[in-house]
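Going by the UniProt record's numbering, 137 is the number at position 137 of the sequence shown; the sequence numbering is gapless. Just so it is clear, CB atoms sit at the ideal spot from N, CA and C, and this is done for glycine as well.
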Amino acid sequence: MSQYSLDVLRQRYVVEKRPLEASVEQILRADSRAGARAILAAIDKRRFENRSEGQRLRKMLRFETSLWESGRHAVAGVDEAGMSPLAGPVSAGAVILKPGTRIVGIDDSKKLDAAAREELAKEIKEKAESWCVAFVEVEEIDAINIYWAGIQAMQRAVRGLGLTPQHLLIDAKRLKDIDIPQQAIIKGDAKSASIAAASILAKVERDAVMRTLDVRHPGYGFADHKGYPVPAHYEALTRLGACAAHRRSFGPVRKALGLPPLPPWPSASERAAG
């Protein structure tokens with residue numbers, strides 16, 4: 001096998017990631033050159049990663065698979081984004097994946113970088129049976145507090161789906177105003193593919209809103225930190241004061257405005273009673 005043919009094989013099976021035919025693999029394994037060993041090492045690594053990713057995806061689909069096998073095909077994952085920022089809306093996503101759908105790389109949106117989220121969001125929208133992202137704006141957050149705003153956003157996302165779900169998988173919460181069987185899963189965005197899909201869409205769509213708010217309210221850095229309480233945001237609040245996009249029910253914003261702090265959010269028992 002010539003050096004040229006090794007270059008061709010590297011391009012075909014390592015760069016382009018084509019499936020390796022058994023006959024070609026046999027030839028490579030009989031070749032003692034470092035280049036042949038490097039090609040095989042890259043292919044073996046990819047095979048291992050593919051097996052590992054397949055196992056991870058099966059694990060992330062275990063809730064959905066159980067429901068699909070019981071005849072409930074319209075299973076919606078639900079999650080929110082933007083609960084802790086000092087500015088901008090809270091968003092929520094609801095996603096119904098078609099039974100058997102696998103999206104490589106899907107995970108809790110917080111574990112993904114912006115580019116990966118954007119690419120996955122496109123694939124989720126293409127492969128989902130139905131999806132919706134809903135928002136609760138700053139004025140409503142300040143009126144009902146952020147906990148209930150998150151609940152409201154999730155309820156709106158579920159109601160905005162193109163078909164009625166038969167079951168809901170929700171990240172850590174229950175939606176008592178939604179008369180659909182549901183399951184609250186702690187850290188669900190890392191355990192359920194449907195919830196992870198919802199978290200990705202909610203995050204991507206909210207980030208787009210924050211980029212728009214950055215143009216509308218320059219100087220705060222909304223396009224960079226998306227309203228989260230980071231040092232650059234605190235500095236801008238001190239320097240510029242609060243703008244219309246800021247949540248006036250949040251302590252740092254109230255401090256910047258010279259307003260007294262508000263009572264704490266409802267307790268866990270009050271939330272359960274709600």
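- One alpha carbon belongs to ALA256, the other to PRO99, and they sit about 49 Å apart.
- In the three-state reduction of the DSSP assignment, GLU137 falls in the coil class, being assigned neither a helical nor a strand state.
- ILE96 sits in a strand when the DSSP states are folded into three classes.
- Under the 8 Å Cβ criterion, the region 199 to 217 does not count as touching the region 40 to 48, having fewer than three qualifying pairs.
- Note on geometry: alpha-carbon atoms of ILE144 and ILE96 lie some 28 Å from one another.
- Excluding sequence positions up to five before and after ASP171, its CB lies within less than 6 Å of the CB of ASP79, GLY188, ASP189, ILE195, all in the same chain and listed in chain order.
- With respect to ALA121, LEU201 sits close: the two C-beta atoms are nearer than 8 Å.
- Judged by pairs of C-beta atoms under 8 Å, the region 49 to 65 does not touch the region 226 to 239, as fewer than three such pairs exist.
- When C-beta atoms of the region 98 to 117 are compared with those of the region 151 to 163, fewer than three pairs fall below 8 Å, so the two segments do not count as touching.
- Here VAL24 has LEU9, TYR13 as same chain residues with Cβ atoms under 8 Å from its own Cβ, once five neighbours each way along the sequence are excluded.
- Residue environment: VAL209 is assigned as buried (16 or more neighbouring CB atoms within 10 Å of its CB, all protein chains considered).
- One thing to note: ILE146 has its Cβ within 8 Å of the Cβ of MET83.
- The continuous alpha helix (DSSP H) containing LEU201 extends over residues 193 to 216.
- Nearest C-alpha to GLN55 among SER5, LYS191, LEU169: LYS191.
- Approximately 6 Å separates the beta-carbon atoms of ALA36 and LEU6; this is inside 8 Å, confirming the contact.
- Contact check for ALA74 against PRO165 passes: the beta carbons are separated by less than 8 Å.
- Judged by DSSP secondary structure, ALA81 falls within the beta strand (DSSP E) whose first and last residues are 75 to 81.
- Looking at the DSSP output, LEU168 bridges to ALA76, GLN182.
- GLU235 sits exposed, since fewer than 16 C-beta atoms from the chains shown fall within 10 Å of its C-beta.
- In this structure, the alpha-carbon of GLN182 lies about 42 Å from that of ARG18.
- Comparing C-alpha distances from LYS111 to each of LYS125, ALA197, LYS173, ALA153 shows the shortest one belongs to ALA197.
- Within the same chain, and ignoring the five residues on either side of ARG58 in sequence, no residue has its Cβ closer than 6 Å to its Cβ.
- Closest by C-alpha distance to ARG156, out of HIS167, GLY105, TRP131, is TRP131.
- Looking only at GLU137, GLN11, VAL104, the smallest Cα-Cα distance to ILE39 is reached by GLN11.
- In the three-state reduction of the DSSP assignment, ALA256 falls in the helix class, which pools H, G and I.
- Contact annotation: ALA114 and ARG247 have beta-carbon atoms that are not nearer than 8 Å.
- The beta carbons of VAL136 and ALA116 sit no closer together than 8 Å.
- In the same chain as GLY219, and ignoring 5 residues on each side of it, the C-beta atoms closer than 7 Å to its own belong to ALA236, LEU240, in chain order.
- By the C-beta density criterion, ILE180 is exposed, having fewer than 16 other C-beta atoms within 10 angstroms.
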